[in-house]
Amino acid sequence: MKSSLVTLLLLTSTCLGALEAKRADGIIAIDGKLDEAAWAGAPAGNLALSGGKAVVNPTTVRVLFDDVNLYVGFDCQQKRMDLLVNEWTHVEERDNDIWLDDCVEIFLAPLEDRQQYYHIIVNASGVLYDKFIDNSSWDPDIKTATAKRSDGWSVEIAIPFEDLNVTPKGGESWVGNLCREQKSNNENSSLFPIKNGFGDPSTFGKLTFEAPPGEMAFILNRLATKGMIAEIRNSGKLDQSVQVTLKSVEDGSVILDHKAEVKAGGVRNLTLPYELPKGTSRIAVQATRLADGKVIYANTIPLTAAPGGSASARVWQVDKPLYKELLSDEPIGYARDGLMTWAHGIDASAMRNFALQYGQRHVHEEFFKRLADSKLMPIANTFMIKHPPYDMPAMLRKHGVKAVLMAYSHSGSEFTIDKLPFLPDPGATEFFLNSINECLDEYPDIIWGIIPADEVFEHDEKRGVQLFETRKNDYEFIRQADEEVKKTYGGGVYGIPLSL
């Protein structure tokens, strides 16, 4: 226990400064302009050069947060905009050498280990570079926007907490640094002083999240594998008792149960060592005011920084390429230029009306001939393939074209009241797979591949929330799904959300 206490004391070693992230009131539009009232109300940090040298082009930074995102806003003065270095200008150039341009940089270490930090770079065109430690395949759903003016530029950056794998509730402290590379004057400025470059974790300062309003506030300064550092603030007129409870999310066991007394108008500092149960990677933290049972803080904190989200593939991935189809000496027509055409068969009647209105030629068979000439394949659902008026099988065979099958994944008429059209439901999944098998059995010669219906995941996400909200009392599967979400992702507490 003595060694644990020493470790905790070391964790309180000097941070080289602090900046508070204010909770945002209202929506933050990511347009680069920093003109919302919330930005004006947030504390400003001024970037400086190491050694005290005066900055030629000053930079101001502010930080906001809400339940979804961390927002960072930089205002970068630039006396000579004609000297701005901005070679990377397209969002598709993400993860190139963006630091060769004029840019801003963000370093964030939310957890105990400062070496496990996130690094984000944005240039004056909003082009992004991001990595986790040395892993540049981490591709979070960050939104950026910049605004240029005659004497500088500004940038807004929205970083989803989901991609950082931890969501602050207010009262937490992270560490990191906020920096700028200004090329024409060779100025590398930072919010917290640096020694060996921006990415030196030993020089990271503190980023604190504004505590929720109220007489009582629980401030979680550090949650580590050996213990916790926190403080409880009581701005009220009465002394208060607060129960601080820590539980292992994995097995539900109590790690720490501590009662703290806090004087009226006072602050109680807590340095509490503990031993973690084996296999614990996330801790549920709760602080409760005993006088009335009000929970003043509750959150689930991971102990290791496993980034949320998923890395996006940047190439087509084909497990079993077909030589004849994919690797051929024959010209590939419009597909050579990456052409895609949207000509939905269900819109055929609208196409005919359009052709009549504007005097355009429209011949059903010519559509298939163009597909054959251009080496393109149509997307067709099961209704279009099976419905006689479309005459699709005959036309595909006549012109030697194959289709990509978009099977029905939703069909309200196919399920009883207990098997609604929600794809994760085993009944819906069975119908979906059966419709694919039936089509493959009947038309094997004209189907080249299979894709799920367009927007299937977006539809199911919304439908799951709606079903839980309206049918949880009589729809057993949605209740089972809620319990699985709680157990697997919600720390035993949080299940399917009540709204999107």
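Using our numbering, read the sequence shown as starting at 61 and increasing by one per residue. Beta carbons are placed, not taken as given, at the ideal position from N, Cα and C, and that holds for glycine.
Short of 7 Å in beta carbon distance, which residues of its chain neighbour H447, apart from the five on each side in sequence? Order them along the chain.
Position 387 of the sequence shown, counting from 1, holds the residue named residue 447. Cβ-Cβ distances below 7 Å link H447 to nothing in the same chain once the five nearest sequence neighbours on each side are left out.
Which residue from E96, S233, I556 puts its Cα closest to that of P170?
Position 110 of the sequence shown holds residue 170. Nearest option by C-alpha distance: S233.
Among V322, K286, Y357, A84, which has the Cα closest to the Cα of S341?
If you number the sequence shown from 1, residue 341 lands on position 281. S341 has its Cα closest to that of K286, out of V322, K286, Y357, A84.
Nearest to L436 by alpha carbon, out of Q420, A463, M411, E425?
Position 376 of the sequence shown, counted from the start, is the residue given in the question as residue 436. Cα-wise, what sits closest to L436 is A463.
What does DSSP give as the partner residue(s) for K266 in the beta ladder?
Within the sequence shown, numbered from 1, the residue matching residue 266 stands at position 206. A78, V235, per the DSSP bridge assignment.
Mapping the DSSP letters down to three states, classify A34 as helix, strand or coil.
Beyond the ends of the chain as shown, which are 61 and 560, falls residue 34; an answer cannot be given.
The alpha helix (DSSP H) spanning K446 covers which residue range?
For the purposes of this step, residue 446 is identified with residue 386 of the sequence shown, where counting begins at 1. It spans 442-446 - the alpha helix (DSSP H) in which K446 sits, taken as one unbroken run.
Quick one: using the 10 Å Cβ neighbour count with 16 as the cut-off for buried, is D311 buried or exposed?
Sequence index remark: in the sequence shown, residue 311 carries index 251 (1-based). Exposed, since its Cβ has fewer than 16 Cβ neighbours within 10 Å.
On the CB-based measure, 16 or more other CB atoms within 10 Å of its CB, does Q540 come out buried or exposed?
In the sequence shown, the residue the question calls residue 540 occupies position 480. Under this definition Q540 is an exposed residue.
Note down, in chain order, each residue of its chain lying with its Cβ closer than 8 Å to the Cβ of C499, except the 5 sequence neighbours on either side.
Position 439 of the sequence shown, counted from the first residue, corresponds to residue 499. Within the same chain, C499 has close Cβ partners T442, I445, K446, L465, A467, I507.
Is there contact between the region 285-301 and the region 269-277, where contact requires at least three CB pairs shorter than 8 Å?
Yes, the region 285-301 is in contact with the region 269-277.
Check whether the Cβ atoms of S214 and G86 lie closer than 7 Å to each other.
By 1-based counting over the sequence shown, the position of residue 214 is 154. By 1-based counting over the sequence shown, the position of residue 86 is 26. Their beta carbons are not under 7 Å apart, which means S214 does not touch G86 by this criterion.
Residues bridged to W213 by DSSP?
Counting from 1 along the sequence shown, the entry for residue 213 is found at position 153. For W213, which the question treats as bridged, DSSP gives the partners C136, K208.
In chain order, what residues of the same chain lie with their CB nearer than 8 Å to the CB of N156, ignoring the 5 residues before and after it?
Taking the first residue of the sequence shown as position 1, residue 156 is located at position 96. Taken in chain order, the residues that qualify are W148, V187, Y189.
Given that a residue counts as buried once 16 or more other Cβ atoms are within 10 Å of its Cβ, and exposed if not, what is Y549?
Sequence index remark: in the sequence shown, residue 549 carries index 489 (1-based). With fewer than 16 Cβ atoms within 10 Å of its Cβ, Y549 is classed as exposed.
To the nearest angstrom, how far is it from the Cα of G105 to the Cα of G77?
By one-based count along the sequence shown, residue 105 stands at place 45. By one-based count along the sequence shown, residue 77 stands at place 17. Cα-Cα distance, rounded: 10 Å.
Suppose contacts are defined by Cβ-Cβ distances below 7 Å. Is I361 in contact with A320 by that definition?
Taking the first residue of the sequence shown as 1, we reach residue 361 at position 301. Taking the first residue of the sequence shown as 1, we reach residue 320 at position 260. Not closer than 7 Å, so no.
Near D317, which residues of its chain fall below 6 Å by C-beta distance, leaving aside the five closest residues on each side in sequence?
One-based indexing of the sequence shown puts residue 317 at position 257. Correct list, in chain order: T305.
Looking only at DSSP bridge pairs, what is K190 linked to?
Your numbering for residue 190 matches position 130 in the sequence shown. Here residue 190 turns out to be Asp, not Lys, going by the sequence shown. DSSP, once it has assigned bridges, lists I180 as partnering D190.
So, under 8 Å CB-CB, Y334 and E216 are touching, yes? Tell me the CB distance rounded to an integer number of Å.
For the purposes of this step, residue 334 is identified with residue 274 of the sequence shown, where counting begins at 1. For the purposes of this step, residue 216 is identified with residue 156 of the sequence shown, where counting begins at 1. The beta carbons of Y334 and E216 sit about 40 Å from each other, so the pair does not count as a contact at 8 Å.
Verify whether the separation of the beta carbon atoms of A81 and V123 is less than 7 Å.
What you label residue 81 is simply residue 21 of the sequence shown in a count that begins at 1. What you label residue 123 is simply residue 63 of the sequence shown in a count that begins at 1. Cβ atoms of A81 and V123: closer than 7 Å.
Give me the Cα-Cα distance between S210 and L143, rounded to the nearest whole angstrom.
Here the question's residue 210 lines up with position 150 in the sequence shown. Here the question's residue 143 lines up with position 83 in the sequence shown. Those two C-alpha atoms are separated by around 12 Å.
Which of the three DSSP states is assigned to P253 in this structure?
For the purposes of this step, residue 253 is taken as the residue at position 193 of the sequence shown. Three-state result, P253: coil.
What three-state label does DSSP hand N413 in the structure shown?
The residue given as residue 413 occupies position 353 in the sequence shown. If DSSP states are grouped into helix, strand and coil, N413 belongs with the helices.
Determine the direct distance from the alpha carbon of L109 to that of S249, and round the result to whole angstroms.
Your numbering for residue 249 matches position 189 in the sequence shown. Your numbering for residue 109 matches position 49 in the sequence shown. Taking the straight line from one Cα to the other gives about 5 Å.
So, with DSSP's three-state summary, where would you put T340?
On the sequence shown, position 280 is the one that residue 340 refers to. Reduced to three states, the DSSP call for T340 is coil.
Would you call the CB atoms of I279 and K203 closer than 7 Å?
Your numbering for residue 279 matches position 219 in the sequence shown. Your numbering for residue 203 matches position 143 in the sequence shown. Result no, Cβ atoms of I279 and K203 do not sit closer than 7 Å.
May I ask which residues mark the beginning and end of the alpha helix (DSSP H) holding T530?
Here residue 530 corresponds to residue number 470 of the sequence shown, with the count starting at 1. Run containing T530: 516-531, per the alpha helix (DSSP H) assignment.
Please report the distance separating the alpha-carbon of R174 from that of P438.
As a position in the sequence shown, residue 174 is number 114, starting the count at 1. As a position in the sequence shown, residue 438 is number 378, starting the count at 1. Distance between the alpha carbons of R174 and P438 is about 51 Å.
Return helix, strand or coil for G112, following the three-state DSSP convention.
Translated into the one-based positions of the sequence shown, residue 112 becomes position 52. In the three-state reduction of the DSSP assignment, G112 falls in the helix class.
Just the Cα atoms here: how many angstroms apart are I219 and M452?
On the sequence shown, residue 219 is found 159 positions in, with the first residue counted as 1. On the sequence shown, residue 452 is found 392 positions in, with the first residue counted as 1. Spanning the two alpha carbons is a distance of roughly 46 Å.
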